[in-house]
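J.: Below you will find the structure I want to go over with you.
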Amino acid sequence: MKPLEDILVIDLSQFLSAPSATLRLADLGARVIKVERPITGDICRQLYVSNVNLNGESSIFRAINRNKESFQADLKNDIDKQRVLKLIAKADILVHNFRPGVIERLGFDFETIKKINPNIVYGSISGYGNEGPWKSKPGQDLLAQSLSGITWLNGTDGNGPTPIGLALVDILSGAHLVQGILAALVKRSKTGEGSKISVSMLESILDFQFESITTFYHDGGQPTVRPKNNSAHAYLGAPYGIYKTKNGYMVLAMGSIPFLGELLTCEPLKEYTEVASWFTERDTIKKVLADHLSTDTTEKWLSILEPADIWCAKVMDWDALFSEEGFKVLDMIQTVSMSDGFEYKTTRCPIKIDGEYLKSPIGSPKLGENTEAIVKELIS
Amino acid sequence: MRPLEGILVLEFAQFMAGPSAGLKLADLGARVIKIERPNTGEAGRQIALKNLFLDDSSLVFHTVNRNKDSYAANLKDPEDLERVKKLISQADVMTHNFRPGVMEKIGLDFNTIQNINPKLIYGTVTGYGTEGPWAAKPGQDLLIQAMSGFTNLTGNKDDDPTPVGAAVSDIITGTHLAHGILASLVKREKTNKGALVEVSLLESTLDLQFEVITTYLNDGNKRPVRAKQGAANPYLGAPYGIYKTKDKYIALAMGSLLKLGKIINCEEIENYYDTDSWFTKRDEIMDILRAVLIKETTKHWLNLLRPEGIWCSDVFDYKTLLEHDAYKVLQMDQKLPLLSGEVVHTIRCPIRVNDERIFASKPAPRVGQHTEDIINEFNL
Chain A
1 MKPLEDILVI DLSQFLSAPS ATLRLADLGA RVIKVERPIT GDICRQLYVS NVNLNGESSI
61 FRAINRNKES FQADLKNDID KQRVLKLIAK ADILVHNFRP GVIERLGFDF ETIKKINPNI
121 VYGSISGYGN EGPWKSKPGQ DLLAQSLSGI TWLNGTDGNG PTPIGLALVD ILSGAHLVQG
181 ILAALVKRSK TGEGSKISVS MLESILDFQF ESITTFYHDG GQPTVRPKNN SAHAYLGAPY
241 GIYKTKNGYM VLAMGSIPFL GELLTCEPLK EYTEVASWFT ERDTIKKVLA DHLSTDTTEK
301 WLSILEPADI WCAKVMDWDA LFSEEGFKVL DMIQTVSMSD GFEYKTTRCP IKIDGEYLKS
361 PIGSPKLGEN TEAIVKELIS
Chain B
1 MRPLEGILVL EFAQFMAGPS AGLKLADLGA RVIKIERPNT GEAGRQIALK NLFLDDSSLV
61 FHTVNRNKDS YAANLKDPED LERVKKLISQ ADVMTHNFRP GVMEKIGLDF NTIQNINPKL
121 IYGTVTGYGT EGPWAAKPGQ DLLIQAMSGF TNLTGNKDDD PTPVGAAVSD IITGTHLAHG
181 ILASLVKREK TNKGALVEVS LLESTLDLQF EVITTYLNDG NKRPVRAKQG AANPYLGAPY
241 GIYKTKDKYI ALAMGSLLKL GKIINCEEIE NYYDTDSWFT KRDEIMDILR AVLIKETTKH
301 WLNLLRPEGI WCSDVFDYKT LLEHDAYKVL QMDQKLPLLS GEVVHTIRCP IRVNDERIFA
361 SKPAPRVGQH TEDIINEFNL
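Top to bottom, those sequences are chains A and B.
Taking this note's numbering, I'd label the letters of the first sequence as residues 1 to 380.
Taking this note's numbering, I'd label the letters of the second sequence as residues 1 to 380.
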């Protein structure tokens, strides 16, 4: 039995942030009914990446919305709206990511919903919260990254701002929403009371940077300076970084510089006996290290460093990783199938409970695929 | 009342992944007691950014361990171990990130604990799972970023693989640990049974990439190719990226390239009416946009683009963001006084419950600060 069996989620959200939250709830065992507008459905269905079309729709929609049902409804049409309200009356959780103000106009705000279902756990994701000058700005991942300061943490000094190459803000805000919703369910099972859980993309990506923002508050507000070379972290000293070898790349995490000098027989490194210098002189140290590591293969260096308990690894792409035994034992890839028989591969939920992976064979739904069955089962 | 009030969590976990999960549970109302070795405490107390320390522990430690208690125990000492077992018998949750086999040796592994407290939710973090050739390999954030393919997503085409300059694997793994624990607490209310929740840095970092890995698995295993300059996501076409302006930078998210071209008065863009070309000819399109956007200031472009509904934004550093009204209105900051008289200036939990912000009631503890009190309170 999956932990959230018997939990019903009505999901009014689209794109990635909140839908990634309901995917997690679905994988943990909840039943997720995705309410979608007629004709287009979730706009993400048409948000193609690298022009890949997977059975008529985008591959990211297929990744985010597997293991869910689709209920077609126009929330501005009264008959449809009444149906959705009936669903919500029976639900444990409601999720949306409309911009502030829109949900009130549609009549699905917390105060209204509480009247028809006082025990509901009501979760929402906004871009920038419900107050202040940015409240009506579109909540979009790259824009939130750009405003949050995070683009100055990655890459090397002298390069421009470097955003993270995937939708990290969406995913974090979705993850925080799940945390809030599940905590509220724990409370509800003790007190019977529902809750309202609100998350914003900006607050979530700030929380993600809690280490470096706290550092900024304590270092006198100095500008963030990335390493000039071999960069992996703006606030960490050498050797922390990425290094080119004769046949690829490797990374080195924290470690003692003189000890590295000894292991690698790199004499100049032995002189950095003062720990503080590993940060203040990191660019020079890394350059020395980089020149040295470029003279031999990744495998050679790892064979010296790993037995000495130095934190290091080979940089891999997915081709390389997926052929490794260490990856294969994780059984991370699952095949799911849609109602028309179309099959596709995707990753499974990363959480293991009582020794079992949380898998599901169900692919993403076609728009409105489950409307009739849901009407019969839950509405009429 | 916070949602997790009454929940007792024992945190044997060290460093970032496990403790970041403990922090969320603490902020959501649980009581979190760190079980630390006497005197030195957990190893994370010595991991510092920019060599910053307060009251003998790193600022990073203070950031991720606020709102927790500390109980000092030597798990190799039979008397201490007995007391810890008594504490476990009264707890709801425990977490650790020891390498596979360590807790078995001490006698605090899941199976043994089941005899002491069958209702306990037992959460573990490993680097790569408990089986296979990597089970004993150290799990560290940068290593996992490198091995998981993640470093191939960020940065420009000719850059080295580019890690993210924050503990992204640790933090995402921590969110998944919290998900598994909370879902198991929900289930426990129905079944009265504990659970074993396992996450690993590698699986969680693959899950973080689920959208793009799903695309890769279904597009004939094409390797991600980063844009030549201003790259923001290897899978998205132009204009998605960051551009230099006359004075600063501007971020442009997805949207109609043709509409954008018209607004900024760039006729060349009209040639790209085929939407597939926005991805296939991304580099040349971005070159064209770059040549235009460099001519005016960021403010000029934002004033032109925003009213037209183009998704665009400033690119801020910490100083600009943290002094901005849109940040201040969030009331994200909190200041926590330490026993030493120093004050930790950090940020709060990003989740709001019933429209209330969650602030911590206390700072991170000294090693063993609460040992005596806990012995008395729990009759150990």
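Glycine residues also receive a C-beta, built at the ideal position from the N, C-alpha and C atoms.
Treat the numbers as computed from the prediction; the structure is a model and nothing was measured.
Determine the closest residue to residue 272 (chain B) out of B:281, B:205, B:186, with distance taken between C-alpha atoms.
T.: Stepping through the second sequence from its first residue, residue 272 (chain B) is reached at position 272. Taking only the C-alpha atoms, the option nearest residue 272 (chain B) is B:281.
J.: Which residues bound the beta strand (DSSP E) around residue 32 (chain A)?
T.: By 1-based counting over the first sequence, the position of residue 32 (chain A) is 32. That run of the beta strand (DSSP E) goes 31–36.
J.: Any idea what DSSP makes of residue 438 (chain A), helix, strand or coil?
T.: The structure shown does not extend to residue 438 (chain A), since chain A spans only 1 to 380, so no value can be given for it.
J.: Looking at residue 370 (chain A): is its Cβ nearer than 7 Å to the Cβ of residue 69 (chain A)?
T.: On the first sequence, residue 370 (chain A) is found 370 positions in, with the first residue counted as 1. On the first sequence, residue 69 (chain A) is found 69 positions in, with the first residue counted as 1. Yes. Within cutoff.
J.: Between residue 170 (chain B) and chain C, is the shortest Cβ-Cβ distance under 7 Å, so that the two count as touching?
T.: Included in the structure are the protein chains A and B, with no chain C among them.
J.: Helix, strand or coil: how does DSSP classify residue 249 (chain B) here?
T.: Mapped onto the second sequence, residue 249 (chain B) falls at position 249. Strand, per DSSP.
J.: Quick check on residue 301 (chain B) - is its C-beta less than 7 Å from some C-beta in chain A?
T.: Translated into the one-based positions of the second sequence, residue 301 (chain B) becomes position 301. Not one beta carbon of chain A lies nearer than 7 Å to the beta carbon of residue 301 (chain B).
J.: Identify which residue in A:303, A:163, A:214 has its Cα closest to the Cα of residue 333 (chain B).
T.: As a first step, residue 333 (chain B) is located in the second sequence; it is residue number 333 there, counting from the start. Nearest of A:303, A:163, A:214 to residue 333 (chain B), Cα basis: A:214.
J.: Could you tell me which uninterrupted alpha helix (DSSP H) segments, each at least 4 residues in length, are contained entirely in the stretch 66–152 of chain B, listed from first to last along the chain?
T.: 78–88, 102–106, 110–116, 141–147
J.: Against residue 59 (chain A), what residues of chain B qualify as contacts under a CB-to-CB distance less than 8 Å, listed in chain order?
T.: Position 59 of the first sequence, counted from the first residue, corresponds to residue 59 (chain A). Result: 211, 214, 215, 218, 219.
J.: Could you give the C-beta distance for residue 244 (chain A) and residue 160 (chain B), rounded to a whole number, given that I count them as a contact under 8 Å?
T.: The residue labelled residue 244 (chain A) in the question sits at position 244 within the first sequence. The residue labelled residue 160 (chain B) in the question sits at position 160 within the second sequence. About 6 Å; that satisfies the 8 Å criterion.
J.: Using a Cβ-Cβ cut-off of 7 Å, state whether residue 195 (chain B) counts as contacting chain A.
T.: Counting from one through the second sequence, the residue named residue 195 (chain B) turns up at place 195. Taking Cβ atoms only, chain A reaches closer than 7 Å to residue 195 (chain B), which makes this a yes.
J.: What residues in its chain sit with their C-beta under 7 Å from that of residue 62 (chain B), if we drop five residues either side in the sequence?
T.: Translated into the one-based positions of the second sequence, residue 62 (chain B) becomes position 62. These residues qualify, in order along the chain: 54, 344, 363, 364.
J.: Look at residue 63 (chain A) and residue 211 (chain B) and say whether their C-beta atoms are less than 7 Å apart.
T.: If you number the first sequence from 1, residue 63 (chain A) lands on position 63. If you number the second sequence from 1, residue 211 (chain B) lands on position 211. In this structure, residue 211 (chain B) lies closer than 7 Å to residue 63 (chain A) by Cβ.
J.: Are residue 230 (chain B) and residue 220 (chain B) closer than 7 Å when you measure CB to CB?
T.: If you number the second sequence from 1, residue 230 (chain B) lands on position 230. If you number the second sequence from 1, residue 220 (chain B) lands on position 220. Against a cut-off of 7 Å, the Cβ pair of residue 220 (chain B) and residue 230 (chain B) comes out as no contact.
J.: Counting only Cβ-Cβ distances shorter than 7 Å, please list the residues of the stretch 328–342 of chain B near chain A, keeping chain order.
T.: 329, 330, 332
J.: Could you compute how far the alpha carbon of residue 126 (chain A) sits from the alpha carbon of residue 91 (chain A)?
T.: Here residue 126 (chain A) corresponds to residue number 126 of the first sequence, with the count starting at 1. Here residue 91 (chain A) corresponds to residue number 91 of the first sequence, with the count starting at 1. Near 22 Å, if we compare the C-alpha coordinates of residue 91 (chain A) and residue 126 (chain A).
J.: Report the start-end ranges of each beta strand (DSSP E) in the stretch 109–162 of chain A that is 3 residues or longer and not cut off at the edges.
T.: 121–126
J.: Look up residue 256 (chain B) in the DSSP assignment and say whether it is helix, strand or coil.
T.: Indexing the second sequence from 1 puts residue 256 (chain B) at position 256. The answer is coil: DSSP assigns residue 256 (chain B) none of H, G, I, E or B.
J.: For residue 346 (chain B), which residues in chain A fall below 8 Å Cβ to Cβ?
T.: Position 346 of the second sequence, counted from the first residue, corresponds to residue 346 (chain B). Chain A residues near residue 346 (chain B): 210, 213, 214, 217.
J.: When burial is assigned at 16 or more other CB atoms within 10 Å of the CB, is residue 116 (chain A) buried or exposed?
T.: On the first sequence, residue 116 (chain A) is found 116 positions in, with the first residue counted as 1. Within 10 angstroms of the beta-carbon of residue 116 (chain A) lie fewer than 16 other beta-carbons, which makes it exposed.
J.: Quick one: what does DSSP say residue 239 (chain B) is sitting in, helix, strand or coil?
T.: The residue labelled residue 239 (chain B) in the question sits at position 239 within the second sequence. If DSSP states are grouped into helix, strand and coil, residue 239 (chain B) belongs with coil.
J.: How would you call residue 339 (chain B), buried or exposed, if buried means at least 16 neighbouring beta carbons within 10 angstroms?
T.: The count along the second sequence starts at 1 and reaches residue 339 (chain B) at position 339. So residue 339 (chain B) counts as exposed.
J.: Would you mind reading off the limits of the alpha helix (DSSP H) that contains residue 249 (chain A)?
T.: For this step, residue 249 (chain A) is matched to residue 249 along the first sequence. Where residue 249 (chain A) is concerned, there is no enclosing alpha helix (DSSP H), although the beta strand (DSSP E) it sits in stretches over 249–252.
J.: Looking only at C-alpha atoms, which of A:321, A:349, A:340 sits nearest to residue 334 (chain A)?
T.: Within the first sequence, residue 334 (chain A) is the residue found at index 334, counting from 1. Restricting attention to A:321, A:349, A:340, the CA atom closest to the CA of residue 334 (chain A) is found in A:349.
J.: Which residue wins for smallest C-alpha separation from residue 279 (chain B), given the options B:131, B:224, B:130?
T.: Translated into the one-based positions of the second sequence, residue 279 (chain B) becomes position 279. Ranked by Cα distance from residue 279 (chain B), the first of B:131, B:224, B:130 is B:224.
J.: Would residue 151 (chain A) and residue 138 (chain A) qualify as a contact pair, given that the criterion is a beta-carbon distance under 7 Å?
T.: Sequence index remark: in the first sequence, residue 151 (chain A) carries index 151 (1-based). Sequence index remark: in the first sequence, residue 138 (chain A) carries index 138 (1-based). No, Cβ-Cβ distance for residue 151 (chain A) and residue 138 (chain A) is not below 7 Å.
J.: If we ignore side chains and look at the alpha-carbon of each, how far apart do residue 364 (chain A) and residue 60 (chain B) end up?
T.: Counting from 1 along the first sequence, the entry for residue 364 (chain A) is found at position 364. Counting from 1 along the second sequence, the entry for residue 60 (chain B) is found at position 60. Across the structure, residue 364 (chain A) and residue 60 (chain B) are spaced so that their CA atoms are roughly 41 Å apart.
J.: Indicate the three-state DSSP secondary structure (helix, strand or coil) for residue 348 (chain A) in the structure shown.
T.: Indexing the first sequence from 1 puts residue 348 (chain A) at position 348. Note: residue 348 (chain A) maps to coil in three-state DSSP.
J.: Given a threshold of 16 other Cβ atoms within 10 Å of its Cβ, counted over all protein chains shown, does residue 92 (chain B) qualify as buried or as exposed?
T.: Along the second sequence, read from residue 1 onward, the residue named residue 92 (chain B) stands at position 92. Burial is judged here by how many other beta carbons sit within 10 angstroms of a residue's own beta carbon; residue 92 (chain B) has at least 16 and is buried.
J.: So is residue 225 (chain A) buried or exposed if we call it buried at 16+ other beta carbons inside 10 Å?
T.: Reading the first sequence from its first residue, position 225 is the one you call residue 225 (chain A). Under this definition residue 225 (chain A) is an exposed residue.
J.: Any C-beta of chain A sitting closer than 7 Å to the C-beta of residue 282 (chain B)?
T.: The sequence position of residue 282 (chain B) within the second sequence is 282, counting from 1. No - not a single Cβ of chain A is within 7 Å of the one on residue 282 (chain B).
J.: Could you work out which residues of chain A lie near residue 351 (chain B), taking near to mean beta carbons separated by less than 7 Å?
T.: Indexing the second sequence from 1 puts residue 351 (chain B) at position 351. Per Cβ cutoff of 7 Å: 176, 179, 180, 197, 199.
J.: Measure the beta-carbon distance from residue 126 (chain B) to residue 177 (chain B) and round it to whole angstroms, keeping in mind my assumption that it falls under 8 Å.
T.: Here residue 126 (chain B) corresponds to residue number 126 of the second sequence, with the count starting at 1. Here residue 177 (chain B) corresponds to residue number 177 of the second sequence, with the count starting at 1. Not a contact, Cβ separation roughly 11 Å.
J.: Answer with buried or exposed for residue 259 (chain A), where buried requires no fewer than 16 other C-beta atoms within 10 angstroms of its C-beta.
T.: As a working note, residue 259 (chain A) is residue 259 in the first sequence. Under this definition residue 259 (chain A) is an exposed residue.
J.: Give the secondary structure of residue 342 (chain A) by DSSP, where H, G and I count as helix, E and B as strand, and everything else as coil.
T.: Taking the first residue of the first sequence as 1, we reach residue 342 (chain A) at position 342. Looking at residue 342 (chain A) - three-state DSSP - the assignment turns out to be coil, as it is neither helix nor strand.
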